[in-house]
Each structure stands twice: as C-alpha cells, then as structure tokens.
Amino acid sequence: MCRYAHANKKGKHKAKKEMESSNHAILYLFTFLVLTTQWKASSASSDDFPQCLATNSNGSKPQVYIPNNPSYLTILHSSINNLRFATPETPKPQFIITPDNDSQVQAVVICSKRYGLNIKVRSGGHDFEGSSSTSNVPFVLIDLINLHAIDIDVKDNSAWVQAGATLGEVYYRVAERSPVHGFPAGGCPTVGVGGHISGGGFGPMVRKYGMSADHVLDARLINAKGEILNRETMGEDLFWAIRGGGVSSFGVLLAWKIKLVAVPPTVAVCVVAKTLEQGATDVVHKWQSVASYGVPKEIFIGLHVGVVNKNSNATNGVGRTVQATFQILFLGPTENLVYVMGKSFPELGMEQKDCKEMSWVESTVRFAGFPSGTPVDILLNRSALPKTTFKAKSDFVTEPIPKSGLEGIWKRFLKEERPEMVIGVWGGKVNEIADDKIAFPHRAGNMYLIDHVTNWDGKEGPEASNKHIAWIRELHEYMTPYVSKSPRTAFLNYKDLDLGRIGGSTYSDPKIWGEMYFKSNFKRLVKVKSMVDPDNFFSGEQNIPPTITY
C-alpha cells in the first residue's frame, strides 16, 4: 500500500503549497548564496571536475549542474519526496550529474574518487531520511532519471530494468507486453527500482510471491574501482548482499534483471473502512491473525490507520476519530474472495459492493490511491503523487497486539494532526524463504510490518518539526512491548536515522542499527563490504562499514 493513497485533501493542498514555496524567488536567492559560498571552497572546481568527467566518459560528457546554474535547484528538488530535505539549510551537492549511459556513471565514480567527493545516487528520491539527495560531507549527486529503459522478454519471463526506472514504469511496460505477467513490488508507482529492490521491496503480492529482491536474476553495478560488474563477475557474495542489504554500500547500481510472475487476467480489489464508532478496534484485533495465517496467500489484506473528522468543526482530539481502512487484493474473481472472507473474516463485513474486478495493472493504480477509472498511463508520471513533510519509523510485529495496546495507539493518534500507520501483512511465500537466502532477513515469525508516519506542513518551522518528530518517537517507544524483540527489527526501505548513524555530530555502534535492519545477516554484509570496498568509498550515515568489532 502506498501511504500517499490515504492523504486527505487538506494534506494534498499543503503539499502543493510547500512545493510552490520551495520555488519561491527568495528561497532560491538565499540557497544560491549559501551554495555558491560552499562551492567556491570546494577542492573540485567547476572546470576540473567536468573536465575529468569528459575525459573518462568515452567522449560523451554527461550533463553537469553546479550551484550557479539556473536549473540546479529545479533538478535537485524534482525528486526529493520528503520536503524536510528540500530546505535552504539542507546540505546540497557540489555537482549534480544526470548521466545518459553507463560510461558516464563510471566517469562520476572515477572522478569523485579522484577529488575526494562522496557519491549519492538517486533513483526515485523516496529515501525517508533524504539520504539519496543530501550528505554531511562534500558530495556529488548522480540522478539516474535518464536511465529508465525496460527491456522485457515475455518468453523468458524476465526483464532488464535500468535503475532510474520507477515501479509504475515497470508495471505499465510489463502489462503493455502481457496481461498475465506482473512483478511483485511496492504500491507507490513513483518509487525508483534501484533503491526499492536493493532494500528488499514488497507490495500487495508479497504473500503470493515474496519480496521484490527474491526475484532478481542478475544485476549490473559499478564498484569502487569504476568497473562494471554483473552477477558472474561480481561473485555470489556481492550478489547476495545487494538483494536486501542496500546497494549504496557497495556500488552504483545500473540495472536489475528481474523475474516476472504470473497474474490472472482479472483480479479483485476491495476497500472497507471502519471508524472507532463502527468497531474498528475489534476488527483490527481480529485482522492481525486472519490476514497473516487465516487466508490463502493469494489474498493480501493491507491496512491503513489514520484520523478523520467526524464533523466540519473537528480539531485535535475533538470531533475526530480513528479510521482503519482495509485494502484487499485477490488474485482471482470477486465471488471467490467474498466467500473466503465471509468464512474467515466475517467481522469485516465485506460485501460484493465493496469490490471491483480489474486487470492487475489497474489494481496497481488503485493501490496507489488514484480514483477508480484513472487511466493506467498515470503510472508513467513521476510526479503524480503529492510530496509531504514527514518523519517515519518501522516495526515488525510477531504476535497480535492486544486490544488495550491498540487503544493506546488510537489515543496517541487523536493528539497528532496527520498520523498514519501503513501496514503490510506477511505470511505465505515471504515467510517460507530462509532468512539468509538473500540479505533481507525478515521472514518466518513475522505477522506484519508497520510504517509509522507523521505528516505536517513544512512551513510551520523548526519548532513544529521538533514537536511532530517528538510525537512519533514517543509512539515508537510506546510500541516497544508489542513488536519484535532481541533485536527490535526495522525495515531498511523505511530508513530511520534515529536508530543510529556513522559520522555527523553523533556516532553510534553500527551493530545496533545494523542488526535491527539485517539481524544475523549483518555480519556477512560487513564481510562482503570489507572485500569489495575496504576503503569505504561508498560511505553514508547508515551504510555497511568495512569493519566491525564484536
């Protein structure tokens, strides 16, 4: 499920205003002055670095944007989806590169190493902590927006997908070639495949087919030496690591070869909403056990929890209520789904009228939150979803949360302006695969994954930001007794720098957050890092370190 699917109209208008504000002439002038000062102090001049790129790009110099270029901020902000990281104060790249081919990406790696610049790679720009667009050390941003080709082989059930393609582009192009092929990945079509798959990646077919990374057949990436590698030349250790361990620690991804999966010509999508007054607590409590283990793996019952107004005069805690929205995908006809749900989950009260049959690709449009009847070519629009200012955290749940625990969540939700829980249900295929088959480890024993989110108006200033971030941290603390333990686990694709970081003003033991994201697979990831990038050229606040002490 895409959390943007449930943004209320007020939130969408706020997001639009925030984007317009970011383009305001005063903001641009201030940012330009800051960036120019930083850029002049850089060791890589506006002439030297681009010249290095031209020399190492086999004669095809990539497009380079520097801070005094009129298009610099437009390019920078185009794919920053968390507006917390689109402010004048956010550290910005000394150069933005938009390569058109693999050779140009190679040149960026070679030249960045020569000039001592950190590399950030942006596929879709959905990193929750802005890590694909900002850094606390001098850096270059590689924006892969031009590298989005998709080459599909229906007979082989596979496709080569460049790292700059979005999930929406993948869905659209696959369906364009075949109505009975699909790919199991996320609900937000504007997310880039580069980061999504490398962190694991999941969506409404996770119970039927597992994680996105479970369906990678090959990959092409550039290592710290500037070499282009594939599965054979990189070796199985590195190939294992980039499937769920985050590719940014090991190199620059150029493309994935993915395995396509079978989907029926027609699927069913159903939506049922329950407020507290309609018994949401009892329904959510029952949902926990049913959704994971009580229905066939062809059924995905996603859950979104938010706050809605009971009347037009609603304010925080007054006239507002919690609403649980169940969004269901069934890889089959509605009639069969209604029968199964009536037997397994009668508390939901789902009826035929709550459902609609459609093609699989149309279901991806609905799960993204677009209205019924929206043309599927919306999947090709990289700007189709609103941008917001938010902070997120994640948790895996292994046992049902008691009703008293759920009521404590609702109580906290009613004190916050725009809180959300976007919950993906586990069970089925994802739980059947061994924890160490690929680097993504969160398998057997997990019932569901929570994406805790709070959204706010970014124009409110730092005091408001601090207030909302404090709220979600307190919620996260409250959840401690109800979620996974030893370690308390987290999802890499929902990055959370509160868990710890390397560098900057604070430092924490990488084992803490490393084992939360990767469990026992963290040790092997460190070993792979030490083999392929011992000098830690590909570094970041939560990148895998080349050494660790136990």
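The sequence shown begins at 1 in full-length UniProt numbering and counts up one residue at a time.
All residues carry an ideal CB built from backbone N, CA and C; glycine is no exception.
Buried or exposed: residue i, going by 16 or more other Cβ atoms within 10 Å of its Cβ?
i: residue 373; result: exposed
i: residue 169; result: buried
i: residue 118; result: buried
i: residue 494; result: buried
i: residue 387; result: buried
i: residue 50; result: buried
i: residue 149; result: exposed
i: residue 137; result: exposed
i: residue 154; result: exposed
i: residue 241; result: buried
i: residue 542; result: buried
i: residue 540; result: buried
i: residue 353; result: exposed
i: residue 233; result: exposed
i: residue 73; result: buried
i: residue 466; result: exposed
i: residue 496; result: buried
i: residue 485; result: exposed
i: residue 377; result: exposed
i: residue 177; result: exposed
i: residue 470; result: exposed
Indicate whether residue i and residue j have their beta-carbon atoms separated by less than 7 Å.
i: residue 110; j: residue 65; result: no
i: residue 279; j: residue 246; result: no
i: residue 310; j: residue 302; result: no
i: residue 398; j: residue 445; result: yes
i: residue 476; j: residue 393; result: yes
i: residue 253; j: residue 163; result: yes
i: residue 350; j: residue 272; result: yes
i: residue 201; j: residue 185; result: yes
i: residue 422; j: residue 448; result: no
i: residue 249; j: residue 544; result: yes
i: residue 294; j: residue 344; result: yes
i: residue 57; j: residue 103; result: yes
i: residue 107; j: residue 141; result: no
i: residue 220; j: residue 255; result: yes
Can you give me the start and stop residues for the alpha helix (DSSP H) that residue i sits inside?
i: residue 471; result: 462-478
i: residue 494; result: From DSSP, residue 494 is part of no alpha helix (DSSP H); its letter is neither H nor E.
i: residue 413; result: 403-413
i: residue 282; result: 280-293
i: residue 608; result: Nothing about residue 608 can be read from this structure; the chain reaches only from 1 to 550.
i: residue 339; result: 334-344
i: residue 222; result: Counting along the chain, residue 222 falls outside any alpha helix (DSSP H), though it belongs to the beta strand (DSSP E) covering 216-222.
i: residue 302; result: Per DSSP, residue 302 belongs to no alpha helix (DSSP H); it is in the beta strand (DSSP E), 299-309.
i: residue 172; result: 167-177
i: residue 437; result: First-last for residue 437: undefined, no H or E at that position.
i: residue 52; result: 48-55
i: residue 457; result: Run containing residue 457: none; DSSP gives neither H nor E here.
i: residue 95; result: Looking at the DSSP string, residue 95 is not in any alpha helix (DSSP H); the run it does join, the beta strand (DSSP E), is 95-98.
i: residue 521; result: 521-532
i: residue 429; result: 429-432
i: residue 237; result: 236-241
Please return the same chain residues whose Cβ sits closer than 6 Å to the Cβ of residue i, not counting the five positions on each side in sequence.
i: residue 134; result: 85, 90, 91
i: residue 337; result: 268, 330
i: residue 215; result: 258, 259
i: residue 126; result: 81, 191
i: residue 441; result: 435, 518, 519, 521
i: residue 276; result: 321, 322
i: residue 24; result: In this predicted model, residue 24 has a pLDDT of only 39, less than 50, meaning its place in the structure is not dependable; the value taken from the coordinates is given anyway. Excluding positions up to five away in sequence, the list is empty.
For residue i, report the span of its beta strand (DSSP E) as first-last.
i: residue 321; result: 320-330
i: residue 355; result: 355-358
i: residue 158; result: 158-162
i: residue 551; result: Outside the shown range of the chain (1 to 550) lies residue 551, about which nothing can therefore be said.
i: residue 209; result: Run containing residue 209: none in the beta strand (DSSP E); it sits in the alpha helix (DSSP H), 206-209.
In chain order, what residues of the same chain lie with their CB nearer than 8 Å to the CB of residue i, ignoring the 5 residues before and after it?
i: residue 281; result: 403, 406, 407, 410
i: residue 574; result: Residue numbering for the chain in the displayed model covers 1 to 550; residue 574 lies beyond these limits and cannot be assessed.
i: residue 39; result: With a pLDDT of 42 at residue 39, under the threshold of 50, the predicted position of this residue should be treated as unreliable, though the coordinate-derived value follows. 46, 66, 67, 68, 94, listed in sequence order.
i: residue 36; result: Per-residue confidence for residue 36 stands at a pLDDT of 40, beneath the threshold of 50, marking its modelled position as unreliable; no derived number is given.
i: residue 549; result: none
With a CB to CB cut of under 7 Å and the five nearest residues on each side skipped, what residues in its chain are close to residue i?
i: residue 537; result: 113, 224
i: residue 433; result: 210, 214, 443
i: residue 334; result: 268, 352, 355, 357
i: residue 472; result: 391, 393, 452, 454
Under the criterion of a Cβ to heavy atom distance below 6 Å, does residue i qualify as lining the ligand MG?
i: residue 227; result: Ligands are entirely absent from the displayed structure, and the ligand MG is therefore not among its contents.
Meets three-Cβ-pair contact criterion under 8 Å: the segment 513-521 and the segment 412-423: The segment 412-423 and the segment 513-521 do not touch, with fewer than three beta-carbon pairs separated by less than 8 Å.
Stretch-stretch touch, CB-based, cutoff 8 Å, three pairs: the segment 189-198 with the segment 377-396: Touching, per the Cβ criterion.
Contact the segment 225-241 vs the segment 149-160: 3+ CB pairs below 8 Å: In this structure the segment 225-241 does not touch the segment 149-160; the number of beta carbon pairs closer than 8 Å is below three.
Segment contact, 8 Å Cβ cut-off, at least three pairs: the segment 249-268 with the segment 358-373: Yes, the segment 249-268 touches the segment 358-373.
Stretch-stretch touch, CB-based, cutoff 8 Å, three pairs: the segment 139-149 with the segment 71-83: The segment 139-149, when compared against the segment 71-83, does touch it at the 8 Å Cβ threshold.
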